[in-house]
Every structure is written in structure tokens, then in C-alpha cells.
Amino acid sequence: MTHAVSADRVDALWSAVVAGDEYAAAGIVFAALDGGIPAEDVLLDVVAPVQAKVGLEWAANRISVAQEHAATAINDRVIAAMAHHPVARVEPRLGRVIVACIDGEWHALPARLLAEVLRLRGWRVDFLGAKVPVQHLISHLHLTGPDAVALSSSIATRLPTAHATITACQAAGVPVLAGGAAFGVDGRYARLLGANAWSPDARGAADLLADGLPQLTAEAHQPIDDLPHLADQEYTMVARTARSLVKQTMADLAERLPVMREYTSQQLDRTGEDIAHIVDFLATALYTDSLELFTGFLRWTSEILAARGVSGRFLLPTLDVLAVQLKDFTRASRFIKEACDDLGRALDEA
Amino acid sequence: MSTSEEQSVRLAEAEYGSVIRAAPSPVVVVGSDGTLVELNDAADLVFPTARPGLPLADAVPSWLARAHRESSGQPVRGLIAGRAFQAHATRLGDAVAWWLIDETEEQRTKQLLEVERERTAFLAHASTLLLSSMNLGRCMEITAQLASEYLADAAVVILPPVVNKLTMVWRARGGQAVREVLAADPATVPGLDIALRGFPPVPSRWIDPASVADWIIPDGLGPVGSVAVVPLPGQGVPAGALVLLRTSSRAVFTENEEVFARLFAARAGAAMAAARLYAEQANITEILMRDLIPPQLRHVDGIEFAGGYQPSGVAERVGGDFYDLHPAGQAGRETFIVLGDVCGKGLEAAAMTGKIRNTLHALLPLATNHLRVLTMLNSALLSSHHTRFATLVFASAVRDGANVRLRLTNAGHLPPLIVRKDGTVEEAQTQGSLVGVLPTVHASTAVVHLEPGESCVLYTDGITEARGGPLGDTYFGEQRLKDVLAECAGIPSEAIVERVQMLAEQWIGDNHHDDIAVVAITAPRHREDR
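Sequences listed follow chains A and B, in order.
Our numbering numbers the first residue of the first sequence as 189 and each following residue consecutively.
Our numbering numbers the first residue of the second sequence as 236 and each following residue consecutively.
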């Protein structure tokens with residue numbers, strides 16, 4: 189498939205998806221399959237880019253969250269329809285792989301694409317879907333005894349849960365392949381959390397599985413074994429008191445910024461959500477001991493706010509009042525200070 | 236040498252002489268010319284040919300003679316007549332006394348201790364690996380792997396036969412485990428049929444390797460020198476048998492090794508039995524649960540139905556909220572959908588939802604009259620031993636040109652919400668009493684028309700009463716739900732359900748929550764042109 193043909197199809201599918209026209213969307217995909225384009229290429233070079241565009245368009249405030257959900261639902265139906273096309277029917281001849289999203293992870297489409305690609309390559313695939321509780325995943329592993337688990341997570345704040353899930357799968361004797369934006373563009377968090385393999389995309393993941401994941405023979409290990417810095421308890425304290433931190437930050441902010449006293453309840457909700465996000469990311473940064481995870485989130489947030497006509501400068505006083513509450517926490521204080529400096533530089537450059 | 240010095244040496248020699256003779260362990264004294272000067276009674280026993288005056292090299296083993304020549308001062312070790320000795324040298328004037336300590340027993344004990352240590356470590360390792368999985372196939376593989384690495388050159392794990400079929404895992408040392416189901420007769424391997432029935436094994440020295448059937452031997456293992464068959468004891472019932480194979484170059488199994496193999500088999504058998512039990516239980520639960528789990532909703536006659544369900548318990552899959560769909564048999568007929576909430580949560584409430592769903596299924600032929608269905612459901616619930624009650628919403632949906640016509644009946648439940656194209660959110664005008672408490676029920680039915688892209692949303696109080704938010708203690712409430720739905724105008728039913736569920740879950744955060752169920756019914760936005 190030439191790139192131009194692929195780009196045309198991506199544009200056509202995008203138009204159908206934002207229009208919410210699933211029949212047109214399915215038509216484009218079926219035409220591609222009938223035209224002899226391999227099903228894997230249709231999934232990864234047409235459907236996947238459209239889904240990626242959904243996220244970008246939302247970030248740029250060109251589509252609403254509801255439209256984002258709608259587009260995703262249409263894409264999902266398109267993938268389901270594709271599975272019924274004769275070329276997409278493949279008898280399993282390889283082993284068994286479980287594909288699941290980390291608990292709390294709602295973005296199931298990347299995992300769904302991987303599940304379909306693996307199925308096309310001849311694996312027997314159990315797709316467990318979005319937000320799979322660890323207990324369900326583990327009992328499924330015990331029942332089916334798969335060759336590997338592929339775990340997907342797109343939100344960095346799920347990393348502590350991802351870690352617990354990876355450890356649990358390995359304790360059940362099954363190697364773990366991690367994927368998704370949460371694990372970092374270079375897979376650093378997958379390595380940090382002890383995943384057996386990481387892949388940036390579905391093709392890479394399928395290739396890795398074809399080569400065989402390392403067999404687990406090592407003794408089960410505990411999360412603390414991977415992350416000795418957790419011994420300072422800062423993550424635990426921040427995560428456990430997150431709600432009261434948010435509450436106090438809201439109160440302190442209202443004292444500093446008189447304009448907040450005139451906020452509508454909806455505006456207060458939004459502000460509370462933003463602060464809760466900051467606290468969640470700070471906790472995750474403490475968990476992974478990654479300053480970059482925190483600074484990266486704040487830069488991204490300020491860009492998202494900018495696209496919605498809100499200045500990212502609002503984040504600075506929030507970080508300030510948060511720093512006051514966490515002054516006794518060495519690592520947290522350092523993270524907040526460095527993130528403030530970094531955000532200040534980014535705002536000056538913009 | 237002065238007289239006094241000579242005196243003291245002689246005195247010392249005399250004292251040493253008596254000490255040496257009285258020593259319980261062998262002592263030989265070697266003069267400066269390399270001949271034996273003296274040896275005690277114990278040494279006589281050890282070196283029967285040694286006599287004073289003989290050169291040392293003619294009287295003792297070469298290792299001791301060499302140690303004397305080299306005179307390093309360090310203790311040395313060696314064998315004398317098959318026993319292990321340690322020899323220490325001390326100077327006696329010009330002479331040297333060699334003190335011999337028999338350490339045969341000590342070395343044997345050390346060796347035994349070393350073997351025991353290795354075995355304990357192996358058993359601990361085996362237990363860890365075996366306990367990690369509750370999957371029978373994997374337990375069999377781990378058993379075969381451990382046995383072929385530590386106990387034999389190859390191992391075969393066999394489950395008790397099921398209708399003359401044997402499920403087995405083979406593994407040769409360093410190889411891959413191979414799983415297979417084979418129609419083979421256990422009687423063709425001596426001792427195997429007995430072991431599979433859980434009886435004590437035949438000692439391996441009684442098994443003639445030549446009499447063992449070929450099917451048990453892994454491909455490429457080569458000629459078999461010895462065979463041991465060990466039962467894998469389960470919890471009260473046999474879990475299977477382990478066959479250990481050694482190639483001819485290796486020694487046969489000692490009694491001690493067979494005892495150890497049984498210790499290992501006890502752990503492997505327990506793990507396999509637990510895995511089998513787990514699979515059986517999970518299978519039963521799965522079958523019983525199948526009818527309690529809310530169904531996957533689908534599109535019927537172009538009308539979009541989507542549902543989402545989140546039980547309150549993290550580990551639970553069912554609870555007191557439910558929904559169900561009965562598709563129209565043919566075009567022009569109504570599709571019946573129900574969403575409800577039984578008082579209580581967990582498995583007991585779920586069993587009640589199952590009863591309601593079954594009852595409603597039976598009452599479907601009456602569904603043209605919602606109130607009649609409600610009345611009969613109410614009497615069915617009153618006559619049962621349950622003390623629970625339920626609130627419900629019925630919806631009957633049918634295509635009406637480009638639109639969808641809905642009949643909605645609310646029995647004590649939260650009002651269905653209608654999402655119009657322009658983002659207006661209306662409550663359906665239907666009210667009624669809950670079921671399962673009062674002898675009679677009453678309810679009014681509302682008729683609602685959905686234009687293309689418009690939706691009707693049914694939900695349980697798990698959403699509106701979800702406590703959380705950024706501050707952790709605020710109810711989600713009906714107004715927030717309406718605000719969310721207003722943004723969902725014109726989007727597919729799956730997207731509405733996902734959006735509502737996701738926001739509710741984010742709102743809840745780490746808080747505890749009740750069961751949550753959402754159903755969206757959406758009129759098709761585009762004409763089906765295929």
C-alpha cells in the first residue's frame with residue numbers, strides 16, 4: 189500500500205467517523221479489504237491513525253469529549269465489522285494470549301487493535317476489554333494458562349496499578365508485554381515496573397510475541413523490590429491524603445485569587461478536577477521517582493488549557509500552595525520546585 | 236647442649252612418650268633420619284605392618300610420607316584403609332609426631348548435610364513455582380520441568396485416565412515441555428496403573444527398563460537405563476503419576492532418591508489437585524453466573540441499544556443492578572428492555588435479579604401492557620421467600636419511520652432521561668410504585684418519540700448517588716448527569732454509556748460505590764443503505 193492511498197483512506201475514514209456515519213466508515217474499510225490490502229495494514233495504517241487523530245483533535249479543542257467518545261465508538265464498530273470479513277478469518281495455530289487494559293483504563297481501542305492483529309497472525313486471543321480488575325485478570329490466567337499477557341495503559345496515573353498487575357501476572361507464572369502511552373515513549377516505565385517486554389505499537393508487539401517472550405522461572409517479586417525509593421513513604425502519604433490535599437489547595441487558592449470566589453459551581457468543579465489531576469500526577473511521579481513525568485504532565489496541561497483559552501500561569505500558584513502543604517516531604521518538594529521552574533520557562537518561551 | 240638442657244629435652248620426651256601411648260587416636264613419631272621412632276597402640280591398628288626402625292615411606296600411605304617430607308606445618312588429609320584421616324604434625328625435639336584424626340563420620344555427615352540442604356532448597360523452589368499457578372496444565376509442566384532437571388534425565392507427568400485417554404506432559408532435561416492426550420494403556424508401563432490409582436509405587440529396581448512401553452519415552456532420549464514410577468497424591472484422590480527416566484549411562488535410583496522423589500511428588504500432587512479443584516469451581520461459578528451477568532446489548536432493527544454495568548465489589552461480576560433485552564421477533568414489533576435495581580448488593584441480590592429477569596422473560600407475551608407485566612411480576616415476588624424489593628423501568632421500542640417510538644414505564648425508579656438533538660434533556664413523564672412490597676402496584680406509561688440521533692437513557696442510583704468528586708464527599712447528583720447528557724446529543728448509544736460510566740467512575744475515584752448500570756436507546760442517525 190502506498191502512503192498516498194493510505195492517507196486518502198485515513199482522511200475518508202476520519203470524515204465518516206466524525207460525522208458518526210458508521211455505514212460509510214465500514215464501507216471504506218471493506219473497500220480496502222476487497223481491494224487486497226491486508227487486514228493488518230487496514231487496522232494499523234487506516235483505523236489506528238484515525239483513532240490517533242481523535243486524540244489530537246480533542247487536545248486542540250476541535251472536537252468535544254462527547255465527540256471523542258462517539259468517534260471511538262464508530263471506530264470500534266468498524267473493527268467489529270472487519271472481523272466478519274472473509275479475509276479476516278484466521279484459524280488459531282499459535283498459542284494463547286490475553287489482551288487487557290489496566291484497571292481504571294478506559295481507552296480500550298489500542299488494546300482492541302492489538303488483539304485483532306494478534307488474531308490475524310494466528311494467536312488465540314482473549315480480549316478482556318477496558319479497566320480489567322486485577323482479580324478478574326488473574327483468575328482468567330489461572331483458568332486459561334496463556335503464553336503471555338499483553339497489558340495496555342494510556343494514562344500515566346495508572347502506573348502504580350499497572351505495576352501491581354504486572355507483578356500479579358508474573359506471580360501467576362505468565363510473562364507480561366506492556367504497551368501504551370503510560371509506559372513512556374521509550375518504554376522506560378515498562379522496564380522500571382519489571383514488564384518482560386515492551387513495544388511502542390501493535391506490529392512490534394506481534395513481532396515480539398512471535399519471537400517468544402522470556403519464560404518466567406524467577407521467584408515472584410514484590411513491587412517494593414523494583415522501587416526501593418518507595419521506602420520514604422512519600423508516595424503512600426500523598427496518594428492517601430490526595431482528597432484533603434485538593435481540598436486544602438482549593439481553599440488556599442481562593443484566598444490568593446479573589447476571582448475564584450466568583451466561580452460558578454461548574455467552574456469550581458473544573459478547577460477541583462485540574463488540581464486533583466496535578467496531585468495524582470505528583471503521586472505517580474513519586475511512585476516512579478520520575479520528575480520528568482510530573483514536568484511533562486504540567487507542560488501538556490498548560491498546552492491543553494491554552495487551546496481552550498486559559499493561561500497555564502494559573503498552574504503556578506496551585507503548585508505554590510501545594511508546595512506549602514508538602515514542605516516536609518523532601519522528594520515531593522523538589523519535584524514541585526523543579527516543575528515550577530520548568531513550567532515557568534515553557535510559558536516564557538510560548 | 237648443656238646438661239640441664241639435655242635433661243629438660245629428655246624429660247619432655249618422656250612426658251610426650253606417655254602422652255602419645257595414651258592417645259586415643261593414632262600417633263606415629265618420625266625421627267630426624269626419616270625412620271619411625273615410635274607408634275602407639277591406635278597407630279598399630281591403622282598401620283599393621285609399621286614397626287619402629289622402618290622408613291616412614293614403607294610404613295604409611297604415600298600422602299602422609301610426602302607431607303612429612305614437605306613439612307609445611309599444615310594439617311593434611313588422606314585415606315587410610317578406606318577411611319578418611321586428617322594428620323597434624325608437632326615437633327618433639329628433632330623428631331616429628333604425626334597425630335591422626337579419623338574424620339570419616341564427620342565427612343559423611345557433612346556430605347549428607349550438603350545433600351539435605353540442596354534438597355530443602357529444591358523443595359522450597361519447587362513449592363514456590365508450583366504454588367504460583369492454579370492452572371493444571373501449567374502445574375504439570377512445572378512438575379515435569381523440575382523433575383527432569385533435578386531428579387532424572389526425563390520426566391513424564393500423567394493424569395488419571397479419562398475414558399481410556401491419558402493427558403500427559405513430557406520433558407527431557409533442557410528441552411521443551413510437550414503436552415498431549417494419548418490413547419495409551421497405563422498397564423504397559425510397570426507400576427503406572429497402580430500409581431495412577433494412588434497406591435504405593437513399585438520400587439524402581441523391580442522395573443525392567445526393557446519392559447517399559449515406548450510411548451512413555453520422550454523422543455530422542457535414547458536407551459533408558461532405569462525407571463521410577465511415583466504417584467502424585469492429591470487431596471484424598473490421586474492427582475496423577477510421575478515417571479522418572481534415566482538413560483543407561485546414569486546410576487539406578489537409590490532408595491534414598493526414591494524417598495526424595497516422593498517428597499517432591501507430594502508437593503506437585505497437592506498443587507495439581509488444587510489447580511484441578513480451582514478449575515472445577517471456576518467452571519461451576521462461570522456456568523451459574525452466565526445467566527446473572529448483564530447481557531451484551533446489540534442493535535435491533537437499526538435501533539441502537541447499549542448497556543454498561545459496574546458491580547460495587549471490585550472482585551464481583553454481578554450485583555443488584557441489572558438490565559435485559561428481548562429483541563423484537565420481527566420488524567414492526569417492539570423490542571422490550573428492562574433496567575432495574577434490587578435492594579441489596581452482591582451475589583444474593585444478583586440471584587434475585589436472575590429471578591426477575593426469568594419472570595419477565597416468561598411474561599413477554601403480555602408486554603404490550605406494561606402495567607399487567609408489572610402486576611404479575613409483583614405477585615411473583617410477593618409469593619417468593621425473598622424479602623427484597625426492586626425498582627424498574629420498562630421500555631418497549633419500535634421503529635416508526637425514521638423515528639423510534641418508545642413506551643416507558645417507571646416502577647419506583649429514577650426517571651428515564653431523553654436526550655434531544657439540541658442538547659435538551661427531558662425527564663420521561665412516567666411514575667409508578669416499586670415491586671415486591673405492596674399487594675398491588677400502579678404505574679403510568681409514557682410514550683416518547685425519538686428522532687434520528689436522539690436517545691433515551693436509563694440508569695440506576697449508583698450514578699446519581701456516587702460520592703466523590705475532587706473533594707471526595709460530593710454526590711454526583713441528577714443535575715450533573717443531565718449536564719453530561721446534554722453534551723452527548725447526537726452521539727451513538729455506546730458512546731453515551733461509556734461517557735456516563737467513565738465520568739461516574741472518575742467522580743468516585745477510590746471511594747466505595749454502589750452497583751452502577753446504564754442503558755442507552757438511540758434512534759438511528761443514518762438511513763441503512765446497505
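Note that CB positions come from ideal geometry on N, CA and C, so glycine has one too.
Remember, predicted model here, so these are calculated numbers, not experimental data.
Three or more Cβ pairs closer than 8 Å define a contact, and the segment 252-260 of chain B meets that threshold against the segment 273-290 of chain B. CA-CA distance, Ala195 of chain A to Val234 of chain A, rounds to 8 Å. Leaving aside the five residues that flank Glu729 of chain B on each side, the residues in its chain whose CB is nearer than 7 Å to its CB run, in chain order, Ala541.
Burial check for Arg352 of chain B: the Cβ neighbour count within 10 Å stays below 16, so the residue is exposed. Excluding five sequence positions before and after Asp399 of chain A, none of the CB atoms of its chain fall closer than 8 Å to its own CB. The criterion of a C-beta distance shorter than 7 Å is not satisfied by Arg406 of chain B and Ala387 of chain B.
Contact between Leu282 of chain A and Gly310 of chain A is confirmed by a C-beta separation of about 5 Å, below the 8 Å threshold. From the beta-carbon of Trp202 of chain A, no residue of chain B is found nearer than 7 Å; the closest lies around 16 Å away.
Look at the segment 257-312 of chain B and you find these whole runs of beta strand (DSSP E), each 3 residues long or longer: 262-265, 271-274.
Within the segment 308-339 of chain A, Pro321, Gln323, Ser327, His330, Leu331, Gly333 place their CB atoms closer than 7 Å to a CB of chain B, listed in sequence order. Under the 7 Å criterion on CB atoms, Val437 of chain B is classed as non-interfacial with respect to chain A. Taking the C-beta atoms as reference points, Ala508 of chain B is found nearer than 7 Å to Ala474 of chain B. Straight through space, the alpha carbons of Ala220 of chain A and Gly455 of chain B are spaced by roughly 49 Å. The C-alpha of Pro705 of chain B is placed about 41 Å away from the C-alpha of Val676 of chain B. Between the beta-carbon of Ala496 of chain B and that of Val459 of chain B there is about 16 Å, and that puts the pair past the 8 Å contact cut. Listed along the chain, the chain B residues whose CB falls inside 9 Å of the CB of Thr260 of chain A are Glu729, Ala730, Glu733. According to the DSSP secondary-structure assignment, Pro468 of chain B is paired through a beta bridge with B:Pro473. By the C-beta density criterion, Pro546 of chain B is buried, having at least 16 other C-beta atoms within 10 angstroms. Sequence-ordered contacts of the segment 701-714 of chain B with chain A read Gly704, Pro705, Leu706, Gly707 [C-beta pairs closer than 7 Å]. At a cut-off of 7 Å between beta-carbon atoms, Glu480 of chain A makes no contact with chain B.
Annotation: Cβ neighbours of Gly372 of chain B in chain A (cutoff 8 Å, chain order): Gly333. Under DSSP, Met403 of chain B forms a beta bridge with B:Ile393, B:Glu415. In the structure shown, Gln565 of chain B falls within a coil segment according to DSSP collapsed to helix, strand and coil.
Taken in chain order, the complete alpha helix (DSSP H) segments of 4 residues or longer contained in the segment 490-578 of chain B are 490-525.
Taking 7 Å as the cut-off, the beta carbon of Pro363 of chain A is found closer than this to the beta carbon of Asn384 of chain A. Interface flag for Arg300 of chain A against chain B is unset, since no Cβ pair is found closer than 7 Å.
Proximity to Gly471 of chain B across B:Val487, B:Ala506, B:Leu366 peaks at B:Ala506, based on C-alpha coordinates. With respect to chain A, the C-beta atom of Glu515 of chain B has no partner C-beta closer than 7 Å. Residue pairing for Gly647 of chain B: DSSP places it in a beta bridge opposite B:Leu627.
The beta carbon of Val285 of chain A sits no closer than 7 Å to any beta carbon of chain B. The beta carbon of Lys241 of chain A sits closer than 7 Å to those of Trp202, all from its chain and outside the five residues before and after it, given in chain order. Proximity of chain B to Ile463 of chain A at the Cβ level (cut-off 7 Å) is accounted for by Pro705, in chain order.
When Cβ-Cβ separations below 7 Å define contact, Gly460 of chain A makes contact with chain B.
At least 7 Å separates the CB of Ser690 of chain B from every CB of chain A. Within 10 angstroms of the beta-carbon of Glu341 of chain B lie fewer than 16 other beta-carbons, which makes it exposed. Within chain B, the residues Glu722 have their CB atoms less than 9 Å from the CB of Ser252 of chain A, given in chain order.
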